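Structure, as structure tokens:
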Ligand code: PGA
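Numbering (the working numbering), first residue to last: 2 to 262.
This is how it looks when you write it as structure tokens:
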């Protein structure tokens, strides 16, 4: 696992955008896994800024898969992850809706929604780079503590903590859906490169538990320890609780120029 302690959220965004652009440049039909929430927004803005400035890659063949989706919102609701990712990223990059996939929250298809999403991921050949955030309770996508480390896409129930964290998008906790569809931890592990973005002091304890604590379903993000290619980009406030922070920085400062991410 490569942990890169940076200073600011802007530095996280610039480096994350570099990683995503490199993947798209090296494979025109790259499959990008996209997280929602606040953390990746500066990265998405950076990608859009570069695209609009004409310095970004072509997104003509790129396909996207979102990590998760709320259940119970009316179709087109602005806080649905389908609408969010279109508004924040893919529309501006010119990636059409038919190349942006998400778990299908339609009520009558819920029992098979997970299987159908897994099949779509497989047909696409899997995810090349998966953008991830981490919850303050250590969740990854919407895999809350206690989630099976081998889980696949399925319905989950959000914890009270996550619903409180996400109330800022909805106005009140009561309006945050209770149920979601989420890629499982086993699904996430199948992506070829995992790119975890962590910013803000509210994530410091969760990051430390995920990368320096034991592998445990009590901290779902600790499953990253099993993946052979993980890059963690974190700002200074998020790395405050890491015991080996100085070492990670030393490793990054001495990183061979040819290595990339
Ligand atoms: P955030 O959410 O980026 O909005 O903090 C991260 C997450 O819940 O996984």
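Cβ atoms here follow ideal geometry from the backbone N, Cα and C, with glycine treated the same way. These figures come from a predicted structure and were not determined experimentally.
- Excluding sequence positions up to five before and after residue 202, its CB lies within less than 8 Å of the CB of 238, 239 and 241, all in the same chain and listed in chain order.
- Comparing alpha-carbon positions, the option among 61, 153 and 8 lying closest to residue 101 turns out to be 61.
- Membership of residue 212 in the alpha helix (DSSP H) is indicated by the continuous run 205-213.
- For residue 34, the beta-bridge partners assigned by DSSP are 66 and 131.
- At least one heavy atom of the ligand PGA sits closer than 7 Å to the Cβ of residue 140.
- Within the same chain, 24, 25, 63 and 129 come within 7 Å of residue 31 by CB-CB distance, once the 5 residues on both sides are set aside.
- Ranked by Cα distance from residue 140, the options 261, 211 and 180 are led by 211.
- Ranked by how close their Cα comes to the Cα of residue 206, the residues 250, 176 and 244 have 244 in first place.
- Of the residues assessed, residue 131 falls on the buried side of the cut-off, its CB having 16 or more other CB atoms within 10 angstroms.
- Here the residues close to the ligand PGA, judged by CB distance below 5 Å to any of its heavy atoms, are 38, 39, 40, 134 and 136 in chain order.
- Here residue 72 carries a coil assignment [DSSP, helix/strand/coil].
- Nearest C-alpha to residue 147 among 193, 79, 230 and 218: 218.
- When the Cα atoms are used, residue 71 and residue 149 turn out to be separated by approximately 20 Å.
- Judged by DSSP secondary structure, residue 235 falls within the beta strand (DSSP E) whose first and last residues are 231-235.
- With a 10 Å radius around the Cβ and a threshold of 16 neighbouring Cβ atoms, residue 59 comes out exposed.
- Cβ contact annotation for residue 2 (same chain, cutoff 6 Å, sequence separation greater than five): 231, in chain order.
- Nearest Cα to residue 18 within the set 29, 5, 28 and 51: 51.
- With contact defined as three or more Cβ pairs closer than 8 Å, the stretch 163-172 and the stretch 110-118 are not in contact.
- In this structure, the beta-carbon distance from residue 90 to residue 48 falls below 8 Å.
- Between residue 10 and residue 236 a beta carbon distance of about 5 Å is seen, short of the 8 Å cut, so the two are scored as contacting.
- Residue nearest to residue 13 within the set 83, 262, 200 and 104 is 200 (criterion: CA-CA distance).
- Contact between residue 226 and residue 68 fails: their C-beta atoms lie close to 19 Å from each other, not under 8 Å.
- Within the same chain, and ignoring the five residues on either side of residue 220 in sequence, the residues whose Cβ sits closer than 8 Å to its Cβ are 139, 146, 207, 210, 211 and 214.
- Check the Cα spacing between residue 21 and each of 6, 4, 41 and 5: the tightest is with 41.
- Residue burial annotation: residue 258 is exposed, with fewer than 16 other C-beta atoms found within 10 angstroms of its C-beta.
- The shortest C-alpha to C-alpha distance from residue 75 to any of 92, 87, 165 and 107 is the one to 107.
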